[in-house]
Amino acid sequence: MEPAELLRHGDQVLVAVVEVAGALVIFVGAVWAAVRFVVEGLRHRSAALFTPIRLSLGRFLTLGLEFQLAADVLRTAVSPSFEQIGQLAAIATIRTALNYFLGREIRQEQRQVAEGEQSR
Numbered sequence: 175m176e177p178a179e180l181l182r183h184g185d186q187v188l189v190a191v192v193e194v195a196g197a198l199v200i201f202v203g204a205v206w207a208a209v210r211f212v213v214e215g216l217r218h219r220s221a222a223l224f225t226p227i228r229l230s231l232g233r234f235l236t237l238g239l240e241f242q243l244a245a246d247v248l249r250t251a252v253s254p255s256f257e258q259i260g261q262l263a264a265i266a267t268i269r270t271a272l273n274y275f276l277g278r279e280i281r282q283e284q285r286q287v288a289e290g291e292q293s294r
């Protein structure tokens, strides 16, 4: 196996590992949030108790999206074509926008939780 082919194969393995890590983070976050939602829903009927669950799920989603973006960057790290660079730019833009809006929503919800705790 020549060095360029070995590098490409190694890059593909790294991309797969990082993609699986991102998917696993999102999956674990979704399962955790679903279980907490059911448990809290059975114990309490207050919608305010679900805000921390949403915040945690948002953090898992943000982290998972960061892993997915890292995989996309790795995918184009070895001899990228102009088409791959364009696709990376589009994907990075979409994922960055998603992360921005998720982060903004998380901050807003954190403020609401903090205000609710202060008023108690």
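All the letters of the sequence shown, read from the start, carry residue numbers 175 to 294 under our numbering.
The C-beta atom is built at its ideal place from N, Cα and C for all residues, glycine as well.
Taking all protein chains shown into account, Arg219 has fewer than 16 neighbouring C-beta atoms within 10 Å of its C-beta and is therefore exposed. In this chain, the alpha helix (DSSP H) harbouring Arg281 covers 256 to 292.
In this model, Leu216 and Ala207 are separated by some 14 Å (Cα to Cα).
Going by DSSP, Arg219 is part of no alpha helix (DSSP H) at all; its letter is neither H nor E. In the same chain as Arg228, and ignoring 5 residues on each side of it, the C-beta atoms closer than 8 Å to its own belong to Ala207, Glu283, in chain order.
Short of 7 Å from the beta carbon of Arg233, and not among the five residues preceding or following it, lie these beta carbons of its own chain, in chain order: Ile280. Spatial neighbours of Leu237 in its own chain (CB-CB distance under 6 Å, excluding positions within 5 residues in sequence) are listed in chain order as Val199.
Between Ala264 and Gly196, the beta carbon gap of about 18 Å keeps them out of contact (Cβ cut-off 8 Å). The three-state reading of DSSP puts Val187 in helix, counting H, G and I together. About 7 Å separates the beta carbons of Gln242 and Arg269, which is inside the 8 Å limit, making them a contact pair.
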